[in-house]
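Participant:
Protein chains: 2
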Amino acid sequence: MARKTPEEARQTYDAILDAAEAVFCERGVSQASLCDIASAAGVTRGAIYGHFRNKVDVFSRMYERVHLPIERLAEAGADSQAPDPLGRLRSLLIKVLQDTAADPRQRRVLEILYHKCEMTPELGALVERQQALRARALGHTRRFLGNAVACGQLPAGLDCERAAVGMHAYVTGLIANWLFDPASFDLGAEAEPLVGWYLAALQEGGGSAPCSRHR
Amino acid sequence: MARKTPEEARQTYDAILDAAEAVFCERGVSQASLCDIASAAGVTRGAIYGHFRNKVDVFSRMYERVHLPIERLAEAGADSQAPDPLGRLRSLLIKVLQDTAADPRQRRVLEILYHKCEMTPELGALVERQQALRARALGHTRRFLGNAVACGQLPAGLDCERAAVGMHAYVTGLIANWLFDPASFDLGAEAEPLVGWYLAALQEGGGSAPCSRHR
DNA sequence: AATCATACATACATGTATGTATGATTGCGA
DNA sequence: TCGCAATCATACATACATGTATGTATGATT
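Residue numbers (this note's numbering), protein chains in the order written: chain A, 70 to 284; chain B, 70 to 284.
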C-alpha cells in the first residue's frame, strides 16, 4: 500500500487503539483477535503489525493512553505540603469517580481492566505494574491522611494505613460495581455524597478499634 | 477404558473440577484449554466431555460448587425479624472476609471470578446471574440496615440504599484488592476491625448529606 | 453367564489465530 | 528528479483448541 503522511499514519495508529478499546470491551481481551480489531479499525492485520508487536503491545499502549494522565494527576497532589489535604483528597476522589462516569474512554478502559481481561502472566508485566501502582496509590492516600492528621483535620488516633486500605477498597469497589452494572446506581450523582460521607466517617470513628463487639 | 464404579466416576468428576480451579487460576479461563485441565486431572479430554458439555459448563459447575453454600448463608440471615440485625450483619461480613482469607477453594474461585475471567457473553448467562446476585445481595443488606434502623441500632436518617451500595463496594473492594495483592494487607486479621469500623461509621454519620463542602 | 450401558481413551477433521514474508505504492529527503 | 524507506495489504505456513466419532474394557443387570 501507498506510503502515508506522518499525520495519516498517526491517525491509523489512533484508529487501531480506538478499535481495540471497543473490541476488547465487547468480547474481552482474550477473545478479541487482531483480525477483529483490524476490521473494526478499517485496516488489515498488516497495519497492526506495522505499528505494534502483538496484541499485548496493543493492550499496553491502549492502557497507558488513559492511565498516564490520571497517574500524573494523583502524583501531583500528594507530595506538596499544601494546606487543606483532606479537601484536596476529597476533590481528587470525586473527580476520579465523576470522570469514570462521564469520560467514555476512561470508562471503557477501566471496564476492560476490571471485567474484560485476565490478570495472568500472558499480559506481560501488567500485573506487576498494577500491583506497584496500587502500592503507590496507597502511599499517596496514606500521605494525604497523615497530612490531614497533622493539620488537625482528622483525629490523631487514626490508623492511616488501615484507613488508606479501606478507602482504596471503597473507591475501587464503587467503580468496579458500577461498571459491572451501571443501572444499579448513579455514580456521577452519588460521587460527592459517597466520598463526603466516607471522609466524614473518618473524622468521627477514626479507624481505631471497633466500637462494639460482634456476636 | 474400563467402566468405573459410580464412586470412582464421582472422584474423576471432582478431580476435573479441582484441576479446573487450579488451571483457571494459573492461566486464566480463556487461556486454559480442556487439554490442560485434563492432564492436570490425570485424565484425557474424553473424560471431560463425558461429564461436561464444554469449558463453560466446567466453569459453571466449578463456580456453583462454592457459590451455592455462600448464597444460602446470606439468604438465611436476612429474612427473619430476629433481634440484633446489625450484629448479625457484622458477623456475616466478617465471616465472608475471613472465609475468603482462610478457605483455599473459596479464595481460588473468587480470584478466578475477580481477576482471572472475562465477563463477556462467552461465559453464557454468568454475567446476568452475577448481576442478579449483586442485586439480591444489595437487597439483603438494605433489609439488614432497615431492620437495624427500626431497632434503633442505626440513626433514623440513614439512607439505606446508599449505605448498602457503599457497603457492598467496600466489602467486594477489600476482597478484590486483597486477592490481587495478598501481601498488601492481612485480610483475615483486619476483617473484624475493618468491618467494625465501617459499621461504627454508619452509626455516626448516617450516610446523609456530606458534612463539609469540597474545594 | 450373557448382555448392555458406562467411563474413558484415541484419533481425526475443522476452524481459527498467529507471525512472517513479500509486494505495491507513494511521501520525503538528497 | 531519483531513490530510499515507510505504510499497509496480501499470502502463506504453523500451531492449537475444539468437537465428535469411534474403540475398548469392565461394572451392573437379568
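From the three backbone atoms N, C-alpha and C, an ideal C-beta is built for every residue, glycine too.
Measure how close the beta-carbons of W266/B and L256/B come, nearest whole angstrom, since I'm counting them as under 8 Å.
Facilitator: About 15 Å; that fails the 8 Å criterion.
Participant: Could you give the distance in angstroms between the alpha-carbon of A71/A and the alpha-carbon of R79/A?
Facilitator: Each residue's alpha carbon lies about 15 Å from the other.
Participant: Could you tell me the alpha carbon to alpha carbon distance between M188/A and G111/A, rounded to whole angstroms?
Facilitator: Each residue's Cα considered, the two are about 29 Å apart.
Participant: Using only alpha-carbon positions, find the residue among E259/B, A219/B, R203/B and L271/B that is nearest to L243/A.
Facilitator: Nearest of E259/B, A219/B, R203/B and L271/B to L243/A, Cα basis: R203/B.
Participant: Could you pull out every residue in the same chain whose Cβ sits closer than 6 Å to the Cβ of N216/B, ignoring the five residues on either side in sequence?
Facilitator: Excluding positions up to five away in sequence, the list reads P154.
Participant: Taking the straight line between their C-alpha atoms, what separation do you get for I106/B and Y82/B?
Facilitator: Near 12 Å, if we compare the C-alpha coordinates of Y82/B and I106/B.
Participant: Tell me where the alpha helix (DSSP H) around N246/B begins and ends.
Facilitator: That run of the alpha helix (DSSP H) goes C229 to F249.
Participant: In whole angstroms, what is the alpha-carbon distance linking R141/B and L195/B?
Facilitator: When rounded, the distance between both Cα atoms is 18 Å.
Participant: Report the residue ranges of all alpha helix (DSSP H) runs contained in full by the segment 172-202 of chain A; include only those spanning at least 4 residues, in chain order.
Facilitator: List check, alpha helix (DSSP H) in window: 173-184.
Participant: Report the neighbours of F249/A on chain B: residues whose CB is nearer than 9 Å to its CB, in chain order.
Facilitator: Neighbours of F249/A on chain B, chain order: M188, V196, Q199, Q200 and R203.
Participant: Counting only C-beta atoms, is G215/B closer than 7 Å to chain A at any point?
Facilitator: No, G215/B lies away from the interface with chain A (no Cβ there is under 7 Å from its Cβ).
Participant: Please check if any C-beta of chain A sits within less than 7 Å of the C-beta of S99/B.
Facilitator: For S99/B, the answer is yes, since a Cβ of chain A falls inside 7 Å of its Cβ.
Participant: Do we get a CB-CB distance below 7 Å when we pair L238/A with the residues of chain B?
Facilitator: Before going further, note that residue 238/A is Ala rather than Leu in the sequence given. At least one chain B Cβ lies under 7 Å of A238/A.
Participant: Have a look at A206/A and A143/A and give me their C-alpha separation to the nearest angstrom.
Facilitator: Rounded to whole angstroms, A206/A to A143/A spans 8 Å at the Cα level.
Participant: Quick check: A270/A and A91/B, are their CB atoms within less than 7 Å of each other?
Facilitator: Going by C-beta atoms, A270/A is not nearer than 7 Å to A91/B.
Participant: Give the straight-line distance between the Cα atoms of L166/A and A260/A, rounded to the nearest whole angstrom.
Facilitator: So the alpha carbons of these two residues sit roughly 6 Å apart.
Participant: Using the beta-carbon count (16 or more within 10 Å), is C220/B buried or exposed?
Facilitator: Flag for C220/B reads exposed.
Participant: So, is L161/B buried or exposed, given that buried needs 16 or more other C-beta atoms within 10 angstroms?
Facilitator: L161/B is buried by the Cβ-count criterion.
Participant: Where does K164/A fall in DSSP's three states?
Facilitator: Helix.
Participant: Is the CB-CB distance between V135/A and R174/A below 7 Å?
Facilitator: Cβ distance < 7 Å, so V135/A and R174/A count as in contact.
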